[in-house]
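For reference, the structure is listed below as structure tokens.
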Amino acid sequence: MDFSALKQKEHQYVKEVLDFGWHNTRSAGFTGRLEKQFAHRFGVEYGITHSNGTATMHSCLAAAGVGPGDEVIIPPLTAASTALVVIHQNAVPVFADIDPETFEIAPESIRERITPYTKAIIPVALYGMAPDMDAIMEIARQHDLVVIEDNAECYLGEYKGRIVGSIGDMASFSFQGSKHITCGDGGIVITDNEEYAERVRKAAVLGYSTLTADPGATAIPKEIRQDPAFERHTVLGWNYRLPELCSAVALAQLEHLEDLVKWRQNVAGRYAEVIEGCDWLVPQRVPEGLTHTYWCYTVLLKAEEIGITWHQFRDQYVEFGGEPIYGAWRPVHLEPVFRDENFYGKGCPNRCPLYKGTPQKYEEGLCPVVERIQPNLLQFRTNYDDQRADRQMEALTRTIAYFEGSS
Ligand SMILES: Cc1ncc(COP(=O)(O)O)c(C=O)c1O
């Protein structure tokens with residue numbers, strides 16, 4: 041990937057923001073351009089930028105009317121953000137287990153966890169690939185649930201001919217430092233539904249009464265704001281605005297998105313070639329009709345089969361010149377904040393008087409598939425330039441040969 045054209049554009053756009061300066065109700069217009077172009081690229085009507093890809097989901101839940109007494113079904117293999125935003129709405133996160141081969145949330149497990157209190161599902165496009173969205177949407181339609189796609193890691197992914205992000209009711213993306221598009225931190229919600237778009241906008245900008253779904257509509261016109269009788273806040277909101285400087289960088293990257301995605305797909309393809317034929321390293325399965333965008337390349341180490349541990353593999357890989365590999369996040373339900381229900385200190389949301397369901401116990405055994413698989417997942421980074429990628433391939437080749445020789 042040639043980064044020089046991208047860098048030049050980033051600098052040019054940032055300079056335009058700096059030259060324009062800072063004003064309360066006027067801006068250089070990059071947030072509006074980013075929102076419009078992003079939505080257009082994903083084939084939907086509305087885009088609403090946010091300060092990060094956690095805030096995005098919080099706004100979506102608020103827009104969907106999720107609150108105390110409601111349950112939201114989520115996967116346990118994800119960044120904790122997907123679960124924490126549910127708690128932030130004082131709703132109950134319900135964890136559905138994963139598929140052992142795709143590592144994605146399993147529709148049959150979602151079905152088992154539906155109750156009269158279920159209000160929404162947040163399917164995660166894990167590591168850059170969509171889960172089984174047809175099955176998820178069917179369940180959602182049957183039970184009248186809102187679907188919020190967490191696509192923090194998935195840009196331009198395809199699901200049976202559709203672009204990932206255009207299937208659920210709303211979709212969330214992250215511009216955090218490791219993502220396909222990054223401006224350090226940031227995020228965006230996209231949707232085709234004007235009502236949701238407006239509610240997301242209001243949730244993200246302090247609940248200002250005049251805000252609309254229009255691109256860049258993040259401020260109240262001066263003449264209205266100057267009136268001392270003006271009632272600003274009609275709904276509950278937060279301040280999740282994305283600064284113009286970040287919008288400028290994210291827009292430059294959006295305009296190079298195809299290349300940014302292909303770059304990662306190419307590096308993933310090289311890992312795939314190296315592990316081909318190795319039966320104790322099993323990559324995330326890509327079902328037919330799906331395009332994986334490889335935020336990272338993830339492999340299950342069949343530790344018992346080869347008789348080595350995750351740490352032994354990693355240490356040897358590093359010894360052979362590879363950069364330290366990442367393990368997968370621990371299943372979210374086993375993180376201490378969930379295990380100990382260390383939320384609001386007053387029993388909420390699980391023992392909130394408004395919650396009539398069965399209090400969740402976040403403990404081992406809740407999602408046996410993820411609990412078995414997660415400790416042996418190896419996440420290889422894909423955002424390496426050619427030389428660094430060469431070193432990873434060499435290290436991986438040597439590591440496989442080393443353990444095959446000694447097994
Ligand atoms: C699957 C997933 N969801 C949500 C997030 C949260 O995004 P952010 O860090 O922008 O808040 C991330 C990444 O950080 C993620 O990987």
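The numbering of the sequence shown is the numbering used here, which starts it at 41 and goes up by one. We put the CB at the ideal spot given by N, CA and C, even for glycine.
Only counting the same chain, and skipping five residues up and downstream in sequence, which positions put a Cβ closer than 6 Å to that of residue i?
i: residue 320; result: 342, 345, 346
i: residue 435; result: 357, 360, 361, 362
i: residue 109; result: 394, 395
i: residue 187; result: 161, 180, 208, 209
i: residue 431; result: 361
i: residue 46; result: 296
i: residue 433; result: 310, 314
Is residue i a contact residue of ligand 1, with contact defined as CB to any heavy atom under 7 Å?
i: residue 192; result: yes
i: residue 224; result: no
i: residue 216; result: yes
i: residue 211; result: no
i: residue 253; result: no
i: residue 333; result: no
i: residue 306; result: no
i: residue 204; result: no
i: residue 164; result: yes
i: residue 208; result: no
i: residue 92; result: yes
i: residue 118; result: yes
i: residue 122; result: yes
Going by beta-carbon coordinates alone, are residue i and residue j separated by less than 8 Å?
i: residue 201; j: residue 191; result: no
i: residue 379; j: residue 411; result: no
i: residue 137; j: residue 121; result: no
i: residue 75; j: residue 65; result: no
i: residue 197; j: residue 95; result: no
i: residue 209; j: residue 236; result: yes
i: residue 165; j: residue 147; result: no
i: residue 79; j: residue 69; result: no
i: residue 123; j: residue 369; result: no
i: residue 371; j: residue 116; result: yes
i: residue 466; j: residue 232; result: Since the displayed the chain opens at 41 and closes at 447, residue 466 lies outside it and no answer follows.
i: residue 290; j: residue 221; result: yes
i: residue 163; j: residue 141; result: no
i: residue 61; j: residue 256; result: no
i: residue 103; j: residue 281; result: no
Would you kindly work out how many angstroms separate the C-alpha atoms of residue i and residue j, rounded to a whole number?
i: residue 382; j: residue 364; result: 32 Å
i: residue 57; j: residue 301; result: 26 Å
i: residue 246; j: residue 273; result: 7 Å
i: residue 101; j: residue 133; result: 12 Å
i: residue 99; j: residue 217; result: 21 Å
i: residue 43; j: residue 263; result: 44 Å
i: residue 428; j: residue 297; result: 21 Å
i: residue 224; j: residue 173; result: 29 Å
i: residue 82; j: residue 212; result: 12 Å
i: residue 304; j: residue 425; result: 10 Å
i: residue 130; j: residue 285; result: 33 Å
i: residue 397; j: residue 391; result: 9 Å
I'd like to confirm something about residue i: is its beta-carbon nearer than 7 Å to some heavy atom of ligand 2, or not?
i: residue 227; result: This structure lacks ligand 2; the ligands present are ligand 1.
Near residue i, which residues of its chain fall below 7 Å by C-beta distance, leaving aside the five closest residues on each side in sequence?
i: residue 242; result: 248, 251, 275, 277
i: residue 153; result: 113, 134, 136
i: residue 287; result: 70, 71, 74, 89
Give every residue of the same chain whose Cβ lies closer than 8 Å to the Cβ of residue i, excluding the five residues on either side of it in the sequence, and list them in chain order.
i: residue 330; result: 169, 170, 197, 198, 199, 200
i: residue 315; result: 321, 323, 339, 436, 440
i: residue 332; result: 167, 168, 169, 197, 305, 308, 324, 326
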